[in-house]
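Taking it in order: structure first as structure tokens, then the write-up.
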Amino acid sequence: MRVVIADDETDVVAFLKSIVEEMGHIAVSYADGNILAQALMRETFDLVILDWNIPGKDGIALLKWMQSALPDHPPVIMMTNRSAKKDISDALNAGADDYITKPEDRSVVAARINAMLRRNAGAGAFDTEAVYGKYHLNRLDQNVTVNGRSITMTAKEFELADLFFRNADRTLSRNYIMETIWRTNAILATRTLDMHISRVRAKLDLQPENGFRIFTVFGYGYRLETIATSN
């Protein structure tokens with residue numbers, strides 16, 4: 085998963101980045117609220133860890149902006165040295181999903197991050213098996229069956245299919261997909277991404293009559309859309 089660290093203190097960024105990466109996730113940092121707002125408009129993230137006093141657009145202003153400007157905004161953990169009860173209530177009322185007062189123990193921060201990611205990952209996201217309509221995913225064997233028929237897929241094709249099903253009806257940026265599946269930048273491997281999505285679409289027959297379709301969001305990325313069927 086992709087986590088934003090929004091803080092201008094380099095030691096705090098290093099501390100949080102090490103926690104996020106030890107958990108196996110991708111950490112992206114921003115030291116300015118205005119630049120972060122621009123990134124949130126064009127990128128997909130799973131969690132934002134936000135400092136109150138970040139330069140540019142501050143934490144509270146960012147929270148309010150996200151509520152009004154981003155219909156599908158990521159959850160936010162406000163992490164700040166402000167500890168007054170009014171500050172905590174103001175942040176939560178502005179849209180923060182959790183609040184951590186600096187400094188905090190490493191294990192507690194990791195547990196809060198993990199809890200937030202799991203809470204927002206969707207039903208079945210961490211199960212060894214999951215069912216999405218006609219599609220049965222076995223994550224241990226990296227196998228997909230459709231109506232009992234096994235579909236042969238490469239490891240990357242399975243990971244990509246799993247990523248889309250876990251994020252059904254959520255638009256995913258190219259960078260998000262490339263960094264999550266290939267741990268690289270989309271600019272370097274656009275053709276690789278497009279080719280794999282084409283293969284996943286064809287192998288799984290992701291058509292409206294089967295309840296799902298993948299479509300391109302121009303200038304941004306892709307989206308697996310759930311389609312209501314009469315079956």
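Quick note: the sequence shown uses my numbering, first residue 85, plus one each step. Backbone N, C-alpha and C define an ideal beta-carbon position, used for all residues, glycine too.
Per DSSP, the bridge partner or partners of residue i
i           : result
residue 220 : 215 and 229
residue 234 : 229
residue 309 : 297
residue 182 : 161
residue 110 : 86
Helix, strand or coil at residue i according to DSSP, with G and I counted as helix
i           : result
residue 173 : helix
residue 90  : strand
residue 163 : strand
residue 144 : helix
residue 134 : strand
residue 256 : strand
residue 168 : coil
residue 122 : helix
residue 266 : coil
residue 303 : coil
residue 198 : helix
residue 318 : As shown, the chain starts at 85 and ends at 315. That puts residue 318 outside it, with no answer to give.
residue 274 : helix
residue 292 : helix
residue 105 : helix
residue 245 : helix
residue 115 : coil
Environment of residue i [buried if 16+ CB atoms lie within 10 Å]
i           : result
residue 143 : buried
residue 210 : exposed
residue 158 : buried
residue 302 : exposed
residue 154 : exposed
residue 215 : exposed
residue 125 : exposed
residue 197 : buried
residue 192 : exposed
residue 121 : buried
residue 245 : buried
Short Cβ contact (7 Å threshold) for residue i with residue j
i           : j           : result
residue 92  : residue 115 : yes
residue 298 : residue 288 : no
residue 161 : residue 90  : no
residue 111 : residue 87  : yes
residue 148 : residue 118 : no
residue 156 : residue 85  : no
residue 200 : residue 184 : no
residue 259 : residue 127 : yes
residue 194 : residue 103 : yes
residue 256 : residue 305 : yes
residue 113 : residue 96  : no
residue 217 : residue 295 : yes
Proximity test, residue i beta-carbon vs the ligand MG heavy atom, cut-off 6 Å
i           : result
residue 136 : Absence of the ligand MG from the depicted structure is noted, as is the absence of any ligand whatsoever, leaving it without description.
Residue-chain proximity (residue i, chain C), Cβ-Cβ < 7 Å
i           : result
residue 140 : Among the chains in the structure shown there is no chain C, since it carries only a single protein chain.
Determine contact between the segment 212 to 226 and the segment 173 to 183, defined as no fewer than three beta-carbon pairs at a distance below 8 Å. no
Indicate whether the contact test is met: 3 or more Cβ pairs, each with one atom in the segment 276 to 283 and one in the segment 239 to 250, closer than 8 Å. yes
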